[in-house]
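*Asks:*
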Amino acid sequence: MQPFLTLNFCFCLSGTYPSRNSVNPFIAEIMTFAGNFAPKNWTFCDGQLFSINSFPAAYSLVGTIYGGNGITTFGVPDLRGRTAIHEGQGPGLSNRTLGSRGGSQTNTLVISNLPAHNHAIVIQ
Numbered sequence: 182m183q184p185f186l187t188l189n190f191c192f193c194l195s196g197t198y199p200s201r202n203s204v205n206p207f208i209a210e211i212m213t214f215a216g217n218f219a220p221k222n223w224t225f226c227d228g229q230l231f232s233i234n235s236f237p238a239a240y241s242l243v244g245t246i247y248g249g250n251g252i253t254t255f256g257v258p259d260l261r262g263r264t265a266i267h268e269g270q271g272p273g274l275s276n277r278t279l280g281s282r283g284g285s286q287t288n289t290l291v292i293s294n295l296p297a298h299n300h301a302i303v304i305q
């Protein structure tokens, strides 16, 4: 198992858009947070649904990318057990669209997952 540190991801539900300075967060910004509570105007990135009427600015930025019906509700990302990656396609990588999910929380490593290699020994 790879070393890890468990932290919370939080989603900004209200604030300034666009942000005027570093004190006010962007609406829909995601931050890593070491506390066990979501700060004021933030919520955990746990897939919760929210009322569009309560947070119209956040809805206008993310729509239903992360869930909701688009009529009364919208969702925030669910990053539990996941890490965020950038959308798009890096060199030699698969294209990732905004809001897409992939991978698994567990994986069994087998020999076919490893690149071919050898261990040369020189005997004198």
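Just so you know, we're using this note's numbering here: the sequence shown kicks off at 182 and counts up by one. Ideal Cβ positions, reconstructed from N, Cα and C, are used throughout, including at glycine.
Whose C-beta lies closer than 7 angstroms to the C-beta of Phe236 among residues of the same chain, with five residues either side of it excluded?
*Replies:* Within the same chain, Phe236 has close Cβ partners Leu194 and Ser195.
*Asks:* When the distance is taken between beta carbons, is Phe192 closer than 8 angstroms to Ala215?
*Replies:* Contact: no.
*Asks:* Decide yes or no for the touch test of the stretch 254-273 against the stretch 218-235: beta carbon pairs closer than 8 angstroms, at least 3 of them.
*Replies:* The answer is yes - the stretch 218-235 touches the stretch 254-273, with three or more Cβ pairs under 8 angstroms.
*Asks:* Which residues bound the beta strand (DSSP E) around Ser232?
*Replies:* Taken as a continuous stretch (DSSP letters only), the beta strand (DSSP E) holding Ser232 covers Leu230 to Ser232.
*Asks:* Run the proximity test for Thr245: is its beta-carbon closer than 7 angstroms to any non-hydrogen atom belonging to the ligand FMN?
*Replies:* Among the components modelled here there is no ligand, and therefore nothing to report on the ligand FMN.
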